[in-house]
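This report concerns only the one structure given below.
Numbering (the numbering used here), first residue to last: 1 to 176.
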């Protein structure tokens, strides 16, 4: 039976602290006391809000639990003790427009997670694009080589947010 134990531990996913991940630090959750637990940054505030919302929803779902853990269920239907599978259900959900407290929590959690994902993607993209001075140096090197191809890709390194980004940022603050 030692091979079965090894297979179970090999498949187990490692869990990392989400507050530390917001600051590009990977530290395991087990026995971890987070140095960022009182961090005032936007990502950490969103993470704290997500945890709070999930705490209330999981408390409810624990009381409604059945042997349905193998399938993904619609969160809003589950709030109303109606267990519908999530696949192919989005357009036909009876509680999609529901404004009860639990469904509002679900909507708030979804919105918070959406903004967290956007901020993380922007951070990844910012790391992938070289700073302005490195870009100019590489362009100078390419022009000195005389590759014969005058068409250069245009990479915009704007620092000021657009109007859409400003409204998204204000919407995130409104969520908090």
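We put the beta carbon where it would ideally sit given N, CA and C, even for glycine.
Exposure of residue i, with buried meaning 16 or more beta-carbon neighbours within 10 Å
{"i": "residue 29", "result": "exposed"}
{"i": "residue 76", "result": "buried"}
{"i": "residue 56", "result": "exposed"}
{"i": "residue 25", "result": "exposed"}
{"i": "residue 129", "result": "exposed"}
{"i": "residue 14", "result": "exposed"}
{"i": "residue 37", "result": "exposed"}
{"i": "residue 53", "result": "buried"}
{"i": "residue 17", "result": "buried"}
{"i": "residue 47", "result": "buried"}
{"i": "residue 58", "result": "exposed"}
N- and C-terminal bounds of the alpha helix (DSSP H) containing residue i
{"i": "residue 117", "result": "101-128"}
{"i": "residue 20", "result": "18-22"}
Nearest residue (CA-CA) to residue i, options the options
{"i": "residue 62", "options": "20, 25, 51 and 79", "result": "79"}
{"i": "residue 81", "options": "107, 40 and 73", "result": "73"}
Whole-angstrom distance between residue j and residue i, CA atom to CA atom
{"i": "residue 43", "j": "residue 12", "result": "27 Å"}
{"i": "residue 99", "j": "residue 119", "result": "27 Å"}
{"i": "residue 22", "j": "residue 105", "result": "23 Å"}
{"i": "residue 89", "j": "residue 40", "result": "38 Å"}
Exercise for review: Taking only runs that begin and end inside the segment 28-83, name each unbroken alpha helix (DSSP H) of 4 or more residues, in chain order.
Suggested key: The qualifying runs are 42-64 and 75-79.
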